[in-house]
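Contents: one structure, followed by commentary.
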Amino acid sequence: MFMIKDCEEGDSSRYIPITSANDGDWKDLHEQATADIVVAHSWFRSLSGLDYASGFNAERILHEYEIALNTVILAEQAELIDPLRALMGQVFGEDCSSLAVVNRPPTRSKPLYMKVWEARRADGLDYDPEDERQQLFVAQITKYAMRNID
Numbered sequence: 273m274f275m276i277k278d279c280e281e282g283d284s285s286r287y288i289p290i291t292s293a294n295d296g297d298w299k300d301l302h303e304q305a306t307a308d309i310v311v312a313h314s315w316f317r318s319l320s321g322l323d324y325a326s327g328f329n330a331e332r333i334l335h336e337y338e339i340a341l342n343t344v345i346l347a348e349q350a351e352l353i354d355p356l357r358a359l360m361g362q363v364f365g366e367d368c369s370s371l372a373v374v375n376r377p378p379t380r381s382k383p384l385y386m387k388v389w390e391a392r393r394a395d396g397l398d399y400d401p402e403d404e405r406q407q408l409f410v411a412q413i414t415k416y417a418m419r420n421i422d
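Numbering-wise, the working numbering comes out as the position in the sequence shown, counting from 1, plus 272.
Structure representation (structure tokens):
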């Protein structure tokens, strides 16, 4: 829709609708452009927040995340963090070799029979197999069991 306004003669605004029944109308072109952008940037559709025709699938998201992490994300993070470590070492006079990016998957897919400390280990988090609270099973701390662990 276009709005034409002639300011010299007062307010004679009018709307002129543009209809298109062609295959190349705006909505289809927009969807195609979005899909092409994802492909052109070698990214993953499930990680870009775009809908899949088949719906949400946690396993597909985790699989694509692992591929993206190992092929793209870790290399880019190393390229950015190495100069930051050096700069912070010079500015603060501290050893910044332990500075790291913590990558966490966008969704979790842990078996309910896994213990909390095992799940934390699998996610790269701090864990203590001797901690009494971490001896619980994942099933015991889900929203259905109404218990939580900090």
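For every residue, glycine included, the Cβ atom is placed at its ideal position computed from N, Cα and C.
The straight-line gap separating the alpha-carbon atoms of L346 and S318 is approximately 19 Å. Here the alpha carbons of A307 and A340 stand approximately 17 Å from one another. Residue burial annotation: V363 is exposed, with fewer than 16 other C-beta atoms found within 10 angstroms of its C-beta. In the DSSP assignment, F364 falls within the alpha helix (DSSP H) that extends over 346 to 364. Contact annotation: V374 and A391 have beta-carbon atoms that are not nearer than 8 Å. Annotation for Y337: the continuous alpha helix (DSSP H) segment containing it runs 330 to 340. For Y337, the CB contacts under 7 Å within the same chain, skipping 5 residues up- and downstream, are L319, P377, P378 in chain order.
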